[in-house]
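Trainee: The structure under discussion is supplied below as structure tokens; questions concerning it will follow.
Numbering (our numbering), first residue to last: 52 to 308.
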């Protein structure tokens, strides 16, 4: 077994017995061979978009259709009298969607954090006005409008809480100024807000693409690994600075190959 020379941080973790590799664990529904896999496999094995979705859902037979593996994990955590939160630093992702009413709704935010809501309002108390208007209710109020207004008020409150909590965070490790590193840096900042959010289990999703190289494979792969390695180093350092390393599991998935 070997680890690419451009991933020394990963090798160091492996040497310290802090990394595991699971190979040949795809999303096959049953043992097949070249003669019958087309008829016996309910998923597209050779399409990047299909396999990416399958690795996020881990639901070959669609028993939990419309949900993702981390979303279902969030629901399981909540059923055990814990409180979980789920964040994507790479757009809206099905991997974080759980069963409605059980899993905590996921939050998608930028790798650079949250912008302040309405920093230049047209009225001094604009946010209060919005809450008062949408908080008003009558016996004749419609269900759909009540639901919309309730969600708006909840969104304003959660945004305000998370924005203020993130503003109080500090990062001591030096991350390179690059997109994927920024995602991991944001994860370390979100970890620091867990008490403000009342969460004792957090789920985070980050993503690094560009591995579908049909040319100059060696050069492109090395460039991707350099980005990954440069981001992992300070991420590990920062999580250890927060005294959270023994409470964190980092899982990396590739859709195939």
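Positions of the beta carbon are idealized from the N, C-alpha and C atoms, including for glycine.
#1: Between the Cα of residue 61 and the Cα atoms of 304, 295, 284, 298, which residue gives the shortest distance?
#2: When you compare only the Cα positions, how much space is there between residue 241 and residue 86?
#3: Going by the beta-carbon positions, is the gap between residue 272 and residue 264 smaller than 9 angstroms?
#4: State the CB to CB distance for the pair residue 94 and residue 109, rounded to an integer number of angstroms; the pair is presumed to be in contact (CB under 8 angstroms).
#5: Quick one: any contact between the region 158 to 167 and the region 209 to 218, if contact means 3 or more CB pairs under 8 angstroms?
#6: Fully enclosed by the region 214 to 254, which alpha helix (DSSP H) runs are 4 residues long or longer?
#7: When you compare each of 226, 233, 219, 179 to residue 208 by their alpha carbons, which one comes out closest?
#8: Can you give me the start and stop residues for the alpha helix (DSSP H) that residue 282 sits inside?
#9: CB-CB under 7 angstroms to residue 126, same chain, minus the five flanking residues each way: which ones, in chain order?
#10: Here's the rule: buried if 16 or more other CB atoms are within 10 angstroms of the residue's CB, otherwise exposed. What is residue 256?
Mentor: In terms of the structure at hand:
#1: On the chain shown, residue 61 is found 10 positions in, with the first residue counted as 1. Here the closest residue by C-alpha is 284.
#2: Residue 241 sits at position 190 when you count from the first residue of the chain shown. Residue 86 sits at position 35 when you count from the first residue of the chain shown. Each residue's Cα considered, the two are about 49 angstroms apart.
#3: Within the chain shown, residue 272 is the residue found at index 221, counting from 1. Within the chain shown, residue 264 is the residue found at index 213, counting from 1. Yes, they are a contact pair.
#4: As a working mapping, residue 94 is identified with position 43 in the chain shown. As a working mapping, residue 109 is identified with position 58 in the chain shown. With a Cβ gap of about 11 angstroms, residue 94 and residue 109 do not count as contacting.
#5: Using a Cβ-Cβ distance cut-off of 8 angstroms, the region 158 to 167 and the region 209 to 218 are in contact, since at least three pairs of beta carbons, one from each stretch, lie closer than that value.
#6: Uninterrupted alpha helix (DSSP H) stretches at least 4 residues long and entirely within the region 214 to 254 occur at 230 to 242, 245 to 248, given in chain order.
#7: Locating residue 208 in the chain shown gives position 157, where the first residue counts as 1. The option with the nearest alpha carbon to residue 208 is 179.
#8: Numbered from 1 along the chain shown, position 231 holds the residue referred to as residue 282. Segment 268 to 292, the alpha helix (DSSP H) holding residue 282.
#9: Here residue 126 refers to the residue found at position 75 of the chain shown. Closer than 7 angstroms at the Cβ level, and outside the excluded window around residue 126, lie 149, 150, 153, 154.
#10: Reading the chain shown from its first residue, position 205 is the one you call residue 256. Counting Cβ neighbours within 10 Å, residue 256 comes out buried, since at least 16 surround it.
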